[in-house]
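Participant: With our numbering, you'll find the sequence shown wraps up at 302, consecutive numbering, no jumps.
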Amino acid sequence: DQERATMLIEIYLKDGIWRLAAIGQGFNAGLAALIQHFGGEVAEEPTAQQTTPVAPQSNIDLKKKLSLQKAEKTGNASIIDLTKKSLVQLEKKKLLGVTARVALVLDASGSMDGQYRRGDVQKVVNRLMPLAIHFDDDGSFECWAFAAETTQLDDVTLNNVNDFINSTQRGWKNWQVGARYNEEIPAIEAVINYFQKFQDQIPTYVLFISDGGVGSRQQMQKILSQAAKLPIFWQFVGIGGRNYGALEKLDEMSGRIVDNCNFFSLDRIDSVSDERLYELLLQEFPDWLIAARQHEIVRNEKG
Numbered sequence: 000d001q002e003r004a005t006m007l008i009e010i011y012l013k014d015g016i017w018r019l020a021a022i023g024q025g026f027n028a029g030l031a032a033l034i035q036h037f038g039g040e041v042a043e044e045p046t047a048q049q050t051t052p053v054a055p056q057s058n059i060d061l062k063k064k065l066s067l068q069k070a071e072k073t074g075n076a077s078i079i080d081l082t083k084k085s086l087v088q089l090e091k092k093k094l095l096g097v098t099a100r101v102a103l104v105l106d107a108s109g110s111m112d113g114q115y116r117r118g119d120v121q122k123v124v125n126r127l128m129p130l131a132i133h134f135d136d137d138g139s140f141e142c143w144a145f146a147a148e149t150t151q152l153d154d155v156t157l158n159n160v161n162d163f164i165n166s167t168q169r170g171w172k173n174w175q176v177g178a179r180y181n182e183e184i185p186a187i188e189a190v191i192n193y194f195q196k197f198q199d200q201i202p203t204y205v206l207f208i209s210d211g212g213v214g215s216r217q218q219m220q221k222i223l224s225q226a227a228k229l230p231i232f233w234q235f236v237g238i239g240g241r242n243y244g245a246l247e248k249l250d251e252m253s254g255r256i257v258d259n260c261n262f263f264s265l266d267r268i269d270s271v272s273d274e275r276l277y278e279l280l281l282q283e284f285p286d287w288l289i290a291a292r293q294h295e296i297v298r299n300e301k302g
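1. Is the stretch 125-138 touching the stretch 179-188, taking contact as three or more C-beta pairs under 8 Å?
2. Can you tell me which of the three DSSP states ALA226 falls into?
3. Report buried or exposed for ASN259, applying the criterion of at least 16 other Cβ atoms within 10 angstroms of its Cβ.
4. Could you check what DSSP says for ARG3 in three-state terms: helix, strand or coil?
5. Looking at ALA102 and TYR149, is the spacing between their C-beta atoms short of 9 Å?
6. Do GLY239 and ASP119 come within 9 Å of each other at the CB atom, strictly closer than that value?
7. Pull up the distance between the alpha-carbon of GLY302 and that of ILE268, whole angstroms please.
8. Can you tell me where the alpha helix (DSSP H) holding ALA70 begins and where it ends?
9. Measure the C-alpha to C-alpha separation of SER264 and SER110 and round it to an integer number of angstroms.
10. Excluding the five sequence neighbours on either side, which residues of its own chain have a C-beta within less than 6 Å of the C-beta of GLN121, listed in chain order?
11. Could you tell me the alpha carbon to alpha carbon distance between THR5 and ARG292, rounded to whole angstroms?
12. Can you list, in chain order, the residues of its chain with a C-beta nearer than 8 Å to that of PRO285? Leave out the 5 residues immediately preceding and following it.
13. Assess contact between the stretch 165-172 and the stretch 64-81, defined as three or more Cβ pairs (one per stretch) separated by less than 8 Å. Is contact present?
14. Which of the three DSSP states is assigned to SER166 in this structure?
15. Would you call GLY113 buried or exposed, if buried means 16 or more other Cβ atoms sit within 10 Å of its Cβ?
16. Does the beta-carbon of LEU19 have 16 or more other beta-carbons within 10 angstroms, so that it is buried, or is it exposed?
17. Taking all protein chains shown into account, decide if TRP17 is buried (16 or more other Cβ within 10 angstroms of its Cβ) or exposed.
In structure tokens form, the structure reads like this:
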């Protein structure tokens, strides 16, 4: 009963394609607040009018509201709750104003079968969705799976996130990843090749999941060091495994223009609270953003 202006449709350019999204977003403070939210200037009223004053919503509150509305479109109460928890960390780390692409890389080697069967990998998808909802215009993110071979899966969207692991490309058992042993380098290269084509300096946050057995330390360090000049941040997470090898040494790599990687490990994705998980997932991303802006790797925008 207080909303006096409504944004019905958003038209925006993403990845070189014009897109249209239904918004249905109300603004309590009216049309003037809506215009000012997008950087416009509003002339003063020629005559004073008697109206009931309504406190305008801040840009931060509007951003939070839009993120929660996107989360509600999933129809998943867990993702809505996760979105609320993620917003606490995003605000704490001053990331509410950041626009970024989001991507997920999943270890699909044979040793991961148990985690796929009991739903732990789906929990990873669910926990990344709130970051995509907030960072990315359409609340979707690209997804790859790898074993001996790497395959790009369907994008994870608000419409297919629920049971994504068991439904995309006929479910995880049928993914075209070849023999079920780890080959991380082709997966890293596939992500780099995909995002390099945009050349728009929009930062990309990549969540890379593995249960260990990571080899090729020298080769991995070489490719990630070379990738430091790209607007891509790599968040590696070890889940339920051991022998993470090169991943545990990422912070020791020298010769990079910026520190573009972070790693931590968990027994299971839900072995820490959701609040703590988002704190870990966003631990080094803000520092990378600052350094990447200073070196003009990513475009400069207020975060």
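Idealized CB from N, CA, C, for every residue including glycine.
Facilitator: Reading from the atomic positions:
1. Cβ pair count under 8 Å is below three, so no.
2. The residue labelled residue 226 in the question sits at position 227 within the sequence shown. Helix.
3. The residue given as residue 259 occupies position 260 in the sequence shown. Buried, since its Cβ has 16 or more Cβ neighbours within 10 Å.
4. Here residue 3 refers to the residue found at position 4 when the sequence shown is read from its first residue. The DSSP-derived three-state label of ARG3 is coil.
5. Here residue 149 corresponds to residue number 150 of the sequence shown, with the count starting at 1. Here residue 102 corresponds to residue number 103 of the sequence shown, with the count starting at 1. Here residue 149 is Thr; the residue named in the question, Tyr, does not match the sequence. Between THR149 and ALA102, the CB-CB gap reaches or exceeds 9 Å.
6. Taking the sequence shown and counting its residues from 1, the one referred to as residue 119 is at position 120. Taking the sequence shown and counting its residues from 1, the one referred to as residue 239 is at position 240. Yes, these two residues count as a Cβ contact at 9 Å.
7. As a working mapping, residue 302 is identified with position 303 in the sequence shown. As a working mapping, residue 268 is identified with position 269 in the sequence shown. For GLY302, the predicted structure reports a pLDDT of 44, less than 50, and the residue's modelled location is therefore unreliable. A value from the coordinates is still provided. Answer to the nearest angstrom: the Cα atoms are 28 Å apart.
8. Looking up residue 70 in the sequence shown gives position 71. Looking at the DSSP string, the run of the alpha helix (DSSP H) that includes ALA70 is 58-71.
9. Residue 264 sits at position 265 when you count from the first residue of the sequence shown. Residue 110 sits at position 111 when you count from the first residue of the sequence shown. Taking the straight line from one Cα to the other gives about 16 Å.
10. For this step, residue 121 is matched to residue 122 along the sequence shown. Its chain contains ILE164 as the residues whose beta carbon lies nearer than 6 Å to that of GLN121, once the 5 sequence neighbours on both sides are disregarded; these appear in chain order.
11. For the purposes of this step, residue 5 is identified with residue 6 of the sequence shown, where counting begins at 1. For the purposes of this step, residue 292 is identified with residue 293 of the sequence shown, where counting begins at 1. Taking the straight line joining both Cα atoms gives about 34 Å.
12. As a position in the sequence shown, residue 285 is number 286, starting the count at 1. LYS92, LYS93, LEU94, GLY302.
13. Here the stretch 165-172 does not lie against the stretch 64-81, with fewer than 3 beta-carbon pairs under 8 Å apart.
14. As a working note, residue 166 is residue 167 in the sequence shown. Residue state for SER166 is assigned as helix, using DSSP reduced to three classes.
15. Translated into the one-based positions of the sequence shown, residue 113 becomes position 114. Result: exposed.
16. Position 20 of the sequence shown holds residue 19. So LEU19 ends up on the exposed side.
17. Within the sequence shown, residue 17 is the residue found at index 18, counting from 1. Flag for TRP17 reads exposed.
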